[in-house]
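Worksheet for the structure shown next.
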Amino acid sequence: MSTLAQLQEDFLGRILAEDDVADDRADGFAIYRNNYRSSLVEALRATFERTDRLVGADAFRTAAAHHCIVHPPSSWTLDLAGAGFPDTCADLFAKDPDVSELAALEWAMHCAFTAADAEPLDMAGFGAATASFGEGEWASLRLAFLPGTASTSASFDLVCLWSSLASDGSEPDLLSLDEPHSAIVWREGERPVFVLRPQWEGRALVAMLAGSSFSEACSLLAADLGEDAAVNEAGLMLARWLRDGLLASVLQ
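In terms of numbering that gives the first Met the number 0, the sequence shown has 10 at position 11, counting the first letter as 1, and numbering is strictly consecutive.
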């Protein structure tokens, strides 16, 4: 390691250290450390404003400071400072899983908002792209989704919770769902949006986002729903994705 790189690593280590620096530069490091952490905490608060309202300002500041110390940002942009914060919330608020679920949703919404622009594929465009498909092409069909499209877990009604925390001083509307769902996130124009869907749809989406074919996603549905129901639901699911504007292109 070069001398400069070593100096930079040592300096960052002292800024991130939880203990005070015991030398004649202690006051300077304390000021710098405080400014550094405050900037990161405020960046996290801006990204996770509803999580902040859910847990309260003091608890959020503690969690955000802990995250910044344990997982210091490695990117040049503060847009990515919140990476991994939902996992931090899962650890620190283990008895309150609604906190990490909301944080994961807010992070997905943030990523969708900052994602690259793309035009959604409409039903007519999809029809034109697949007009000549035979059985083999349909079996290997893969889809490109709008940048930022994601799915997170939901055991609480995140729609109600999200709405109830829209402003400061509001009380969280915390309702457990009868069964686990998925919160599907994408960007509609300039605005990130989400909707709750059955868990099997979230699993299928995650698989296709990772490169699985539509046929492979249908196999996942069959495992969850049975073959007959899966055939019907697969078509309805694809129609929903097109209607909602989640798809960018057909990969074939």
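Don't be surprised by glycine CBs; every beta carbon is placed ideally from N, CA and C.
Nearest to residue i by CA position, among the options, is which residue?
i, options, result
"G210", "L79, M236, R141", "R141"
"S166", "G55, L43, L39, E41", "G55"
"L157", "C67, E200, S99, E189", "S99"
"L145", "S131, E189, G135", "E189"
"A233", "G168, A138, D95", "A138"
"R242", "G133, E187, P171, E134", "E187"
"H70", "D86, R60, D57", "D86"
"M207", "L224, P191, W240", "W240"
"G168", "T46, F47, D51", "D51"
"T46", "V205, D57, A82", "A82"
"E134", "L245, S175, S214, N231", "S214"
"D57", "A229, I68, E41", "E41"
For residue i, which residues in the same chain have their Cβ closer than 7 Å to its Cβ, ignoring the five residues on either side in sequence?
i, result
"R49", "L101, E105, W161, L164"
"L173", "D97, F155, L160"
"A107", "A149, T151, V184"
"A203", "A216, L219, L220, M236"
"H180", "A153, L195, R196, P197, Q198"
"L176", "A153, S154, F155, D156"
"E136", "Q251"
"M122", "L241"
"A229", "C217, L220, A221"
"D223", "W199"
Tell me whether residue i sits in a helix, a strand or coil according to DSSP, three-state version.
i, result
"F92", "coil"
"P85", "helix"
"S152", "strand"
"E43", "The sequence as given places Leu at residue 43; Glu does not occur at that position. L43: helix per DSSP, three-state reduction."
"L173", "coil"
"S37", "helix"
"L250", "strand"
"F132", "coil"
"S163", "helix"
"H70", "coil"
"L120", "coil"
"E232", "helix"
"A143", "strand"
"E178", "strand"
"E100", "helix"
"A21", "Its pLDDT being 49, under 50, A21 is placed unreliably by the model, and the measurement read from it follows with that caveat. In the structure shown, A21 sits in coil (DSSP, three-state: anything other than H, G, I, E or B)."
"D243", "helix"
"E187", "strand"
Is residue j closer than 7 Å to residue i when the C-beta atoms are compared?
i, j, result
"A153", "L195", "yes"
"L39", "A103", "no"
"F269", "H109", "Since the first and last residues shown for the chain are 0 and 251, residue 269 lies out of range."
"L77", "A63", "no"
"W250", "A143", "Inspection of the sequence shows that residue 250 is occupied by Leu rather than by Trp. For L250 and A143, yes; Cβs fall inside 7 Å."
"G147", "A182", "no"
"P191", "A111", "yes"
Grab me the residues of residue i's own chain with a C-beta within less than 8 Å of its C-beta, minus the 5 sequence neighbours each way, in chain order.
i, result
"E118", "A247"
"L53", "D97, V98, L101, L160, L164, P171"
What does a CB cutoff of less than 6 Å around residue i pick up in its chain, not counting 5 residues either side in sequence?
i, result
"A238", "none"
"V205", "S150"
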